[in-house]
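Chains as they are written, first to last, in numbering that gives the first Met the number 0: chain E, 0 to 190; chain P, 0 to 261; chain F, 0 to 373.
Every residue, glycine too, gets a C-beta built ideally from N, C-alpha and C.
Data first, discussion second: the structure below is written as structure tokens.
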Amino acid sequence: MDNGRFELRLTGSGGQGLILASIIVAEAAIAEGKVVTQSQVYGAEARGGTTKAELIISDRHIAYPKVTDPDLVAALTNEGLKQYGGGISRKTVVVIDSSTMALPESLNEEACKTLLALPIRNATVEKLGSELGLNVVLLGIIQGLTEVVSVEALRTAVSLHVKKQYVDLNMRALDLGIEMVRESATTGIRI
Amino acid sequence: MKMSNLRSERLPNIWCPGCGNGIVLRSLLESVEQLGLDTDKIVVVSGIGCSSRAPAYTNFDNVHTLHGRAIPVATGIKLANPDLTVIVLTGDGDSSAIGGNHLIHAARRDVDITVIVFNNFNYGMTGGQASPLTPVASVTTTTPGGNTDRPFDLVNLTAGAGATYVARTGIYFTKHMLDHLKKAIAHRGFSLVDVIAQCPTYFGRFNRKGDAGQMIVSQKDWLVLKSVADKKSPQELAGKIVIGEFVNIPPPGPAVVPEGQV
Amino acid sequence: MPRIALMQGNEAVAEGALAAGVRFYAGYPITPSSEVAEVMARRMPQVQGVFIQMEDEIASIMAIVGASLAGKKVLTATSGPGFSLMQEGLGYACMIEAPIVILDSMRYGPSTGMPTKVSQMDLMQSRWGTHGDHWLIVYSPSSVQESYDLTIRAVNMAEKYRTPVVILSDETISHLREPITIADVSPTVDRRLPAERAGYLPYKTDATLVPAIANVGTGFRTSFTGLVHSDTGFQTANGHVAEALITRLRDKLLSKLDDIIELEADRVEDADITFISFGITARGVAEAVDVLRTRGKKAGSLRLVTLFPFSDDRIRKAAGNAPTIVVPELNSGQLVLLIKRVFGDSRRIVPLNKVNGDLISPADILNFVAEEKL
Chain E
0 MDNGRFELRL TGSGGQGLIL ASIIVAEAAI AEGKVVTQSQ VYGAEARGGT
50 TKAELIISDR HIAYPKVTDP DLVAALTNEG LKQYGGGISR KTVVVIDSST
100 MALPESLNEE ACKTLLALPI RNATVEKLGS ELGLNVVLLG IIQGLTEVVS
150 VEALRTAVSL HVKKQYVDLN MRALDLGIEM VRESATTGIR I
Chain P
0 MKMSNLRSER LPNIWCPGCG NGIVLRSLLE SVEQLGLDTD KIVVVSGIGC
50 SSRAPAYTNF DNVHTLHGRA IPVATGIKLA NPDLTVIVLT GDGDSSAIGG
100 NHLIHAARRD VDITVIVFNN FNYGMTGGQA SPLTPVASVT TTTPGGNTDR
150 PFDLVNLTAG AGATYVARTG IYFTKHMLDH LKKAIAHRGF SLVDVIAQCP
200 TYFGRFNRKG DAGQMIVSQK DWLVLKSVAD KKSPQELAGK IVIGEFVNIP
250 PPGPAVVPEG QV
Chain F
0 MPRIALMQGN EAVAEGALAA GVRFYAGYPI TPSSEVAEVM ARRMPQVQGV
50 FIQMEDEIAS IMAIVGASLA GKKVLTATSG PGFSLMQEGL GYACMIEAPI
100 VILDSMRYGP STGMPTKVSQ MDLMQSRWGT HGDHWLIVYS PSSVQESYDL
150 TIRAVNMAEK YRTPVVILSD ETISHLREPI TIADVSPTVD RRLPAERAGY
200 LPYKTDATLV PAIANVGTGF RTSFTGLVHS DTGFQTANGH VAEALITRLR
250 DKLLSKLDDI IELEADRVED ADITFISFGI TARGVAEAVD VLRTRGKKAG
300 SLRLVTLFPF SDDRIRKAAG NAPTIVVPEL NSGQLVLLIK RVFGDSRRIV
350 PLNKVNGDLI SPADILNFVA EEKL
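Pasting the structure below:
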């Protein structure tokens with residue numbers, strides 16, 4: 000978090016829960032006394048289609064509310080990265096889902112210093128039994144990578160959005176994401 | 000009739016000599032009186048046109064709105080204060096052309112308002128143009144060679160849209176008109192009365208229907224009571240318009256809980 | 000205790016309206032305002048209010064006018080295409096002096112345009128969309144907090160001055176989520192009602208120029224018409240009455256500018272370059288001004304919270320003395336026309352327009368300043 004400000008962009012396809020994921024991080028950050036602006040792109044499709052969610056977390060007032068200089072970009076589809084990969088710089092950490100995405104040529108070492116390719120979907124299906132929870136696994140990854148919000152605040156925020164019987168599953172999803180980051184030194188392509 | 004329900008200081012009215020609107024207005028005032036309604040709780044709403052000036056001659060709260068828009072305003076008033084009796088006074092063009100969409104949706108919602116259509120088959124205020132209720136072949140200033148469009152049947156239109164009370168009457172049949180206006184106003188749910196009136200100035204003159212008196216009296220020849228019409232063949236009813244009550248669905252009563260099933 | 004909540008702009012408008020006492024909502028779905036209707040559909044029954052989805056925007060505005068006449072505080076929400084349909088009802092509300100509040104969340108136009116893309120293309124429509132001379136209040140929020148606060152203020156102003164109030168927001172603010180502070184109780188204003196039935200004249204006014212019109216159904220036998228009317232509420236074609244009416248409709252707002260107009264000036268006093276903007280664009284400006292100042296450039300900002308009534312005099316006084324004024328807006332140049340009127344040739348007025356459906360970013364502004372050598 001440079002200058003007390005963190006810019007996050009999530010992109011993928013509609014229905015993956017990325018907008019909700021960004022709202023959950025926003026709520027965790029507010030609980031920790033931060034200022035946030037959260038936004039998303041709206042398309043005509045209700046399901047499917049490429050989606051983008053953005054979040055700025057700051058210690059102080061946020062004037063311009065859209066992400067212009069992302070600290071972290073997480074992409075779950077190639078199309079998402081293609082459409083909404085703008086603004087990636089040497090400071091940006093990029094996370095892609097290696098289970099569904101080819102390593103994009105645009106993100107060579109010159110363009111992107113820190114690229115983390117993680118088998119997010121495959122790990123989710125393998126460890127949690129289905130793709131449900133994919134977005135919460137991603138939250139774990141964001142937390143593990145940046146610690147922009149505490150694990151505790153994130154757990155509380157996630158709990159507020161899921162039914163009681165699914166709290167446990169989602170906590171495991173969160174832990175899975177955090178664990179994937181820890182192991183990334185060996186499984187990641189470049190970090 | 001109680002003169003106190005007529006806003007006498009607004010008279011004389013703007014209507015032409017021989018206009019049917021005053022007769023409908025009188026019947027409305029009579030209905031309200033006979034129903035014993037609290038006149039503080041009556042709101043009369045109208046759109047634009049000759050008939051839509053009628054509310055201003057009532058001594059009730061009155062809202063003269065925009066062309067075609069009386070029904071959504073009436074809907075807002077009724078939903079905001081369900082204690083009120085909300086009556087829309089409208090014309091054939093106001094209700095069925097520019098306001099046609101609002102009419103069918105109010106019927107669909109069964110909002111508890113009464114719509115009284117002063118139907119004189121043309122736009123009087125703007126000089127006698129055709130309306131969606133102008134009969135085929137009739138001459139108006141916009142159908143100089145005779146109307147080629149088929150008219151709406153307001154009764155079927157609103158019944159099809161879900162109105163729970165629909166009637167048609169004519170001003171010649173004063174008791175029939177009064178009875179049906181009373182039933183419509185007393186009805187809980189959306190009610191509409193299509194009241195056939197005359198416009199001697201335009202429609203009557205252009206179509207050689209005679210003077211106002213002749214136009215009124217002739218109603219007994221071409222308006223047929225539903226009870227009579229039910230026994231007649233379509234051929235016998237050609238060129239006639241049927242009057243009477245077409246829909247009267249009482250509102251659902253309070254739910255009855257069968258014994259032992261509480 | 001005040002609470003903090005993460006809210007979308009549209010949700011904040013709905014919640015602000017509820018806090019201000021709005022108990023009647025009629026609307027028709029349209030992107031990007033539909034969330035207001037969705038929140039109201041859920042919330043109105045909780046407060047014994049009324050939600051109704053009408054058959055179109057014409058019906059929506061007329062329904063809130065009707066409910067307002069029956070005494071409710073009312074709201075509808077729409078976007079450009081629906082706002083176009085509402086114009087006749089807006090004029091009617093001006094004429095009969097019905098307190099109503101309309102949210103127009105601006106999207107890219109004309110026509111259906113780009114439904115999910117932001118613009119500020121309805122600025123002039125909000126002022127002059129309906130025919131005839133008329134006056135109304137238009138507020139422009141630039142954050143979610145302000146969406147909440149200005150909605151409360153809009154409802155209060157509508158009641159106080161018996162006038163339509165437009166909240167001119169946009170797609171970005173409508174869908175933006177920000178934490179907002181919600182007070183336990185918000186100050187509310189109720190319309191003035193007549194006391195005496197004897198001698199009651201609905202449109203008779205005192206020094207406030209705002210009539211105390213009875214709500215329908217309260218025994219005053221009151222009368223409304225969109226035709227020119229005397230203080231009786233009944234139609235007249237008397238030219239003197241017409242002139243007096245139109246003049247009063249103007250003066251009831253123009254004589255209360257202290258109460259109505261809010262402008263937010265930031266570092267304009269010593270500025271060499273001042274940006275005049277409104278709504279979401281002002282947020283890009285705020286950041287650009289910070290950057291320019293760190294680079295040693297004396298920049299300032301004037302944000303129009305109240306867009307209309309538009310007071311040339313107040314804008315002139317609030318804008319400081321910068322020789323260069325830049326007017327960034329998400330249209331082809333609407334606000335700039337008014338700013339040119341205010342300053343004539345006394346300053347260099349530079350339009351900065353963006354019409355591709357994206358926001359004017361701080362970088363856009365900085366690049367513009369550099370390229371134009373401002």
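Under the DSSP definition of a beta bridge, which residues are partnered with residue i?
i: F/P350; result: F/V326
i: F/P178; result: F/L5
i: F/I99; result: F/P163
i: E/E53; result: E/R8 and E/S38
i: P/Y122; result: P/Q128
i: E/N77; result: The partner list for E/N77 (beta bridge, DSSP) is empty, contrary to what the question assumes.
i: F/K72; result: F/V21
i: F/I359; result: In the DSSP output, where bridge partners are listed per residue, F/I359 has none listed.
i: P/N61; result: P/V43 and F/S222
i: P/T113; result: P/I86 and P/S190
Could you tell me the distance, in whole angstroms, from the CA atom of residue i to the CA atom of residue j?
i: P/G92; j: P/G99; result: 9 Å
i: F/Q52; j: F/L68; result: 19 Å
i: P/V44; j: E/D68; result: 58 Å
i: P/Q234; j: P/I240; result: 13 Å
i: P/V246; j: P/A237; result: 22 Å
i: E/T36; j: E/I29; result: 10 Å
i: P/S94; j: F/A76; result: 26 Å
i: F/E256; j: F/D312; result: A small fix is needed here, since residue 256 of chain F is Leu in this sequence, not Glu. F/L256 and F/D312: Cα-Cα distance of roughly 11 Å.
i: P/W14; j: P/G48; result: 11 Å
i: P/S50; j: P/I170; result: 14 Å
i: F/K72; j: F/A40; result: 16 Å
i: P/Q260; j: P/I184; result: Confidence at P/Q260 is low in this model, with a pLDDT of 45, below 50, so its placement is unreliable and the value that follows should be read with caution. Whole-angstrom Cα-Cα distance: 37 Å.
i: E/C111; j: E/K65; result: 21 Å
i: P/G159; j: P/L102; result: 12 Å
i: P/T139; j: F/L334; result: 48 Å
i: P/S3; j: F/P109; result: 52 Å
With the cut-off set at 7 Å, would you say residue i and residue j are in Cβ contact?
i: P/L191; j: P/T157; result: yes
i: P/D60; j: F/T204; result: no
i: E/I5; j: E/V147; result: In the sequence as displayed, the identity of residue 5 of chain E is Phe instead of Ile. In contact: E/F5 and E/V147 (Cβ atoms closer than 7 Å).
i: F/V435; j: F/L74; result: No information on residue 435 of chain F is available, as it lies outside the stretch 0 to 373 that chain F covers here.
i: F/V284; j: F/F274; result: yes
i: F/M94; j: F/E56; result: no
i: P/Q197; j: P/G46; result: no
i: E/E26; j: E/S38; result: no
Is there at least one Cβ from chain F nearer than 7 Å to residue i's Cβ?
i: E/A62; result: yes
i: E/Q37; result: yes
i: P/G75; result: yes
i: E/Y41; result: yes
i: P/D39; result: yes
i: P/P71; result: yes
i: P/L83; result: yes
i: P/R187; result: no
i: P/V42; result: yes
i: P/V116; result: no
Establish whether the CB of residue i and some CB of chain P are separated by less than 7 Å.
i: F/G65; result: yes
i: F/E87; result: yes
i: F/F23; result: yes
For chain E, find out if any of its Cβ atoms is closer than 7 Å to the Cβ of residue i; answer yes or no.
i: F/S360; result: yes
i: F/G283; result: yes
Any heavy atom of the ligand MG within a distance shorter than 6 Å of the CB on residue i?
i: E/A172; result: Within the structure as shown, the ligand MG is missing, as the structure has no ligands at all.
Quick one: which residues of the region 5–25 of chain E get their C-beta closer than 8 Å to a C-beta of chain F? List them in chain order. I22 and A25
Check each residue of the region 26–45 of chain F: if its Cβ is closer than 9 Å to any Cβ of chain E, include it; give the result in chain order. T30 and P31
When Cβ atoms are compared, which residues of the region 136–167 of chain P fall closer than 9 Å to chain F? none
Give me the subset of the region 241–266 of chain F whose CB atoms are less than 8 Å from a CB atom of chain P, sorted by chain position. none
Within 9 Å of chain P by C-beta, residues of the region 46–76 of chain F in sequence order: V49, I51, M53, E54, D55, I57, A58, S59, I60, M61, A62, I63, V64, G65, A66, S67, L68, A69, G70, K71 and V73
For the region 132–162 of chain F, enumerate the residues whose C-beta is nearer than 9 Å to any C-beta of chain P, in chain order. none
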